[in-house]
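First residue of the sequence shown: 11, per the working numbering; consecutive thereafter. All C-beta atoms in this analysis are idealised placements derived from N, C-alpha and C, irrespective of residue type, glycine included. Input: a single structure, listed below in structure tokens.
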Amino acid sequence: MKEYKIVVLGNGGVGKSALTLQYVQGIFVHNYDATIEDSYRKLSKVDAENARLEILDTAGTEQFTGMRETYYRTAQGFVLVFSLAETSTFENLKQTFLDILTIRGEDVPMVLVGNKSDLAETRQVEESDAQNFARKLRIPYFETSARLNQNVSEVFEECAVLIQKIGKSQSERRRWSSESEIGDKKCKNWLRSCCCCLIPCFTTD
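Shown next as structure tokens:
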């Protein structure tokens, strides 16, 4: 069974733990202590194949500076969470995205999540702004409510699908590169043998 390692990132208080617990355990926690680091596992299906999602719920990005690079290097995919009711959490994710790219390069599976969509009366981040940002990053965007369990499973399952797709793409590139190298060697050997046949052998008396 394949495993997909997903790290949930975002400022403290945006609802990372609430989203994770809603997905893994089907519960909504109203009050909980600030997360240091919690790991959860959930059996799921990715493109009709059984899979195990290993989800790391991290502390707020402003709190785990010592572990940040480790998270960025070891995760297969990222769920980037901000609060729709707090503009600063949205702005801070832009730097998080750049930091991940700096360490990992392109083709990193990521999903952007605007959480707390149920708090319409206190909303600060417009859907169009978040969608435009996600479009520039070329990553999916979801608006979620951990309390109402809206779009929660879709977030994690979409991240797993992206991990699988990018993994297959990288495998294809490696296979193509390997086959190209083999083809080049065969071509060189063939040319070498042909040249040997075409060049007449002269003997000196």
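Please say whether residue j and residue i have beta carbons closer to each other than 9 Å?
i	j	result
valine 24	valine 121	no
isoleucine 149	tyrosine 14	no
valine 34	isoleucine 65	yes
asparagine 125	leucine 94	yes
isoleucine 37	glycine 87	no
phenylalanine 152	asparagine 159	no
glutamine 56	valine 171	Contrary to the premise, residue 56 reads as valine rather than glutamine in this sequence. Cβ distance < 9 Å, so valine 56 and valine 171 count as in contact.
proline 28	arginine 133	The question names proline, but residue 28 is alanine in the sequence shown. It is not a contact, given that the beta carbons lie outside the stated cut-off.
What did DSSP end up calling residue i once you bin it into helix, strand or coil?
i	result
isoleucine 209	Because isoleucine 209 carries a pLDDT of 48, less than 50, the predicted location of this residue cannot be relied on, and no value is offered for it.
arginine 51	strand
aspartate 215	Confidence in aspartate 215 is poor, its pLDDT being 46 and thus under 50, which makes the residue's placement unreliable; the coordinate value appears in the next sentence. If DSSP states are grouped into helix, strand and coil, aspartate 215 belongs with coil.
leucine 158	coil
isoleucine 65	strand
isoleucine 37	coil
threonine 30	helix
Have a look at the options and flag the residue whose alpha-carbon is nearest the alpha-carbon of residue i.
i	options	result
tyrosine 50	Ala58, Thr68, Val56	Thr68
valine 18	Val171, Phe166, Ile176	Phe166
serine 155	Gln32, Val135, Val118	Gln32
glycine 177	Lys52, Thr30, Val118, Thr84	Val118
glutamate 137	Ser163, Phe100, Arg157, Leu53	Phe100
If you draw a straight line from the C-alpha of residue i to the C-alpha of residue j, how long is it?
i	j	result
aspartate 48	leucine 63	14 Å
asparagine 21	leucine 147	19 Å
arginine 114	valine 123	21 Å
valine 89	methionine 11	22 Å
threonine 30	glutamine 105	23 Å
glutamate 59	cysteine 169	15 Å
threonine 84	arginine 78	10 Å
isoleucine 131	glutamate 116	It should be noted that the sequence gives glutamate, not isoleucine, for residue 131. Looking at the two C-alpha atoms, the distance is approximately 37 Å.
phenylalanine 107	alanine 140	14 Å
- Continuous beta strand (DSSP E) assignments of at least 3 residues falling wholly in the segment 83-115: Taking only runs of at least 3 residues, the beta strand (DSSP E) segments lying wholly in the segment 83-115 are 87-93.
- Message: Going residue by residue through the segment 112-152, where are the continuous beta strand (DSSP E) segments of at least 3 residues, counting only ones entirely within it?
- Response: You should have 120-125.
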